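Protein chains in written order, with my numbering: chain A, 2 to 423; chain B, 2 to 423. Just so you know, even glycine gets a beta-carbon here, dropped at the ideal spot from N, CA and C. Every value quoted in this text rests on a predicted model; they were computed, and no experiment measured them.
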């Protein structure tokens, strides 16, 4: 067995993930030395407040000056401060100093990923970002290495643990607001949860994965995004009654050189592989020409799962075994997909007779439907709501019917529309 | 973008996986060049019969002389002939010629894996074997790279597609023999299926994964192995009635520096992540200190899924980015685990009154149980069988009761015992 190579980490940020990384390196140092032949240690750690209690972190390493981390004798800079600035500047400076860098910053990767990767390549150093997508699930690696010989056809994932936790609680009967509060109490949702529950976090992850899978740059605005606000326990129950689970799904598909990307709540058959993903877990289903369908499942957030991904990048870079990230600098053509299939639609109405104009508008366009059975009746009494499942139709046809229904004046609130997957 | 590097493959064996590899390299050559910067081609291909029809394979590359493949100007030798000999000699010769090698040969890896890895290391070349375990599922990579910073606690997997296909058909009511014949018709079982259905194939895969995960050599005889012969449609139905699926599960657990390894049919709660794995699919559930539980799921066999794994190894080795396989050359301590928990037991008896001595032997040892309900009655009439679910007890206690029951003379055939997982 060869001797272990000394490898020094400069750490920017010592929040949950940063402390997780320190803990994991300390705990598994000898195991990593044995497996990979590298001996890891920290040089300096950037913090905002020197006095905060951080068990297991050596106080003598702490500094409030970022240049002390970036400019010192470290081999690799790990950025865990989050947000766009100063994180972007930190990484740019590290790369300019010809230091390798590792980040878990998905917002930054989604906006500046390709320019940072090019900066790294032009300096002859590496930028690792496994932790930016689904934490410890090695999905970036799978696309780069394990599936390197495959042409990827589609990606479908549950990429946001907060949404999935809330939707799981709603299966147990919680209303959206109560489920969100429980997620916040459990630490699975931020005080301001909008990035998660409005779908933007999942859209960022989908963009990063799609750029790797389909090899090119994707304009951020080309992801169709809908979040989970507005879904009620009644919707979840109506779906359940017919054998479906409502899940917040991110989908990217390649059709003839064009990628379509969307993130929205979807009714999945309970036998679908993503339907059984519970609580704060993530899952990614890849469809590729050689392997067929392949699922990766695990914790998509958390201090130690994220630290595990950061550490995998550090070790690969340290042992000089990280594959180059070759993503061509070209724009991928994208287009929204005109979903054709079944849909779930919930109307809020004044009177039960509203079903007349609703049915008329649909039938005029050849769209047949079934009403969501028993649930709809009690729901109608309390909440003046009517839920239907349409049979397969183009979403443009459905949208045209919905415009006519809206114009007929029978609606009294928002209409919720969700595709039903087969 | 750097120029692509020419990389030449010598291929030993052109059966299903070999032809799949040729097809995949031809189809995705430009994609691989773009992603990884290597340009793959074949130099020579060893076959047994030059005249056999092989669409898409260039006949001018074929040879029946192995030395023409191994000794020529190729950069890497891919062994897909299978079996212990001459595959072992082929790989040893390739390594002796300082060629990298890739193999999908799990039987050879299970018997000679560590000596071949050491031979490769001493020659300064690489030996790739991702395809040896679960085909295209990148589980070897996950243990080497993605989870490199984790201490692995356990591995639980459905590692044999044939067993899982048969057990899935039995849920639909097929008897074992009919399910096996269907698996053979579908190409999911060999004419001689014993390697699969008696559990040895899964045991080999478990041994290979465990040596990577727990870092050391495992004596092959230390895997407790039971196959799926003897399970009846009645057992599957009785389990289903109480919310369980019978699955053939491979489990390796680390307890205080000692590994226990076993492969056997198990009753899994239908909510268990491995319970929903259907048909010929494989799944591996890893439990590790940082990431918690992580599941990898996909096709565990087949020409293209296996070729995908072979190709991933070739590309990593070609781009000089394959992590060294550092498995220390030390023996891991192993011990059988005295399972404590519920068990399913089916007795074949002469008369219904046999329940008396059975109950007495169990109750004497404090083992309480429930009879498998309605099913058991009709089953008893036709087949003189009694099925019970014991409450939690040590397997040694249960075995002692079973010996007493056997000695009492009330049994008329084999007794089937399966652990029930919680």
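What are the residues that DSSP puts in a beta bridge with residue i?
i, result
"residue 344(A)", "420(A)"
"residue 157(A)", "252(A), 286(A)"
"residue 218(B)", "332(B)"
"residue 350(A)", "412(A)"
"residue 371(B)", "390(B)"
"residue 297(B)", "297(A), 285(B)"
"residue 224(A)", "262(A)"
"residue 194(B)", "According to DSSP, residue 194(B) bridges with nothing at all."
"residue 245(A)", "270(A)"
"residue 7(B)", "40(B)"
"residue 64(A)", "47(A)"
"residue 319(A)", "Note: residue 319(A) sits in no beta bridge, so no partner."
"residue 395(B)", "341(B)"
Excluding the 5 residues preceding and the 5 following residue i in the sequence, name in chain order all residues of the same chain whose CB lies nearer than 6 Å to its CB.
i, result
"residue 278(A)", "159, 284"
"residue 226(B)", "200, 204, 264"
"residue 1(B)", "Any property of residue 1(B) remains undetermined from this structure, which presents chain B solely from 2 to 423."
"residue 40(B)", "5, 7, 34"
"residue 346(B)", "389, 418"
"residue 187(A)", "none"
Give me the Cα-Cα distance between residue i and residue j, rounded to the nearest whole angstrom.
i, j, result
"residue 35(B)", "residue 215(A)", "11 Å"
"residue 127(B)", "residue 219(B)", "22 Å"
"residue 157(B)", "residue 33(B)", "33 Å"
"residue 85(B)", "residue 305(B)", "23 Å"
"residue 165(A)", "residue 60(A)", "38 Å"
"residue 31(A)", "residue 356(B)", "56 Å"
"residue 8(B)", "residue 81(B)", "19 Å"
"residue 296(A)", "residue 299(B)", "6 Å"
"residue 178(B)", "residue 391(B)", "28 Å"
"residue 174(A)", "residue 150(B)", "39 Å"
"residue 24(B)", "residue 87(B)", "25 Å"
"residue 100(A)", "residue 155(A)", "35 Å"
"residue 27(B)", "residue 11(B)", "15 Å"
"residue 257(A)", "residue 334(A)", "10 Å"
"residue 241(B)", "residue 153(A)", "37 Å"
"residue 332(B)", "residue 115(B)", "11 Å"
"residue 239(A)", "residue 233(A)", "10 Å"
"residue 372(B)", "residue 348(B)", "11 Å"
"residue 316(B)", "residue 315(A)", "21 Å"
"residue 63(B)", "residue 76(B)", "17 Å"
"residue 185(A)", "residue 198(A)", "12 Å"
"residue 414(A)", "residue 350(A)", "7 Å"
"residue 51(A)", "residue 15(A)", "11 Å"
"residue 420(B)", "residue 273(B)", "14 Å"
Which residues in the same chain have their Cβ closer than 7 Å to the Cβ of residue i, if we skip the five residues on either side of it in sequence?
i, result
"residue 113(B)", "89"
"residue 94(A)", "71"
"residue 358(B)", "406, 409, 411"
"residue 141(A)", "130, 131, 134, 213"
"residue 375(B)", "Summary for residue 375(B): the model assigns pLDDT 49, below 50, so the residue's position carries little reliability; its value from the coordinates is reported in the next sentence. None."
"residue 189(B)", "162, 163, 166, 281"
"residue 271(A)", "244, 245, 246"
"residue 337(A)", "225, 261"
What does a CB cutoff of less than 8 Å around residue i pick up in its chain, not counting 5 residues either side in sequence?
i, result
"residue 339(A)", "395, 396, 397"
"residue 452(A)", "This structure does not reach residue 452(A), given that chain A is present from 2 up to 423, and the question cannot be answered."
"residue 20(A)", "55, 57, 58, 304"
Check the C-beta distance from residue i over to residue j and give it rounded, since I have them as a contact under 8 Å.
i, j, result
"residue 245(B)", "residue 275(B)", "That belief does not hold up - the Cβ atoms of residue 245(B) and residue 275(B) are roughly 12 Å apart, past 8 Å."
"residue 229(B)", "residue 266(B)", "5 Å"
"residue 211(A)", "residue 260(A)", "6 Å"
"residue 79(B)", "residue 311(B)", "6 Å"
"residue 207(B)", "residue 224(B)", "6 Å"
"residue 393(A)", "residue 342(A)", "5 Å"
Would the C-beta of residue i count as close to the ligand PLP, meaning under 7 Å from any of its heavy atoms?
i, result
"residue 248(B)", "Absence of the ligand PLP is noted for the structure shown, with no ligands found whatsoever."
- request: Would you mind listing the beta strand (DSSP E) stretches within the segment 9 to 55 of chain B that are 3+ residues and don't spill past its ends, in chain order?
  value: 39 to 47
Alpha helix (DSSP H) runs wholly inside the segment 67 to 138 of chain B, at least 4 long, in chain order: 67 to 71, 88 to 97, 107 to 124
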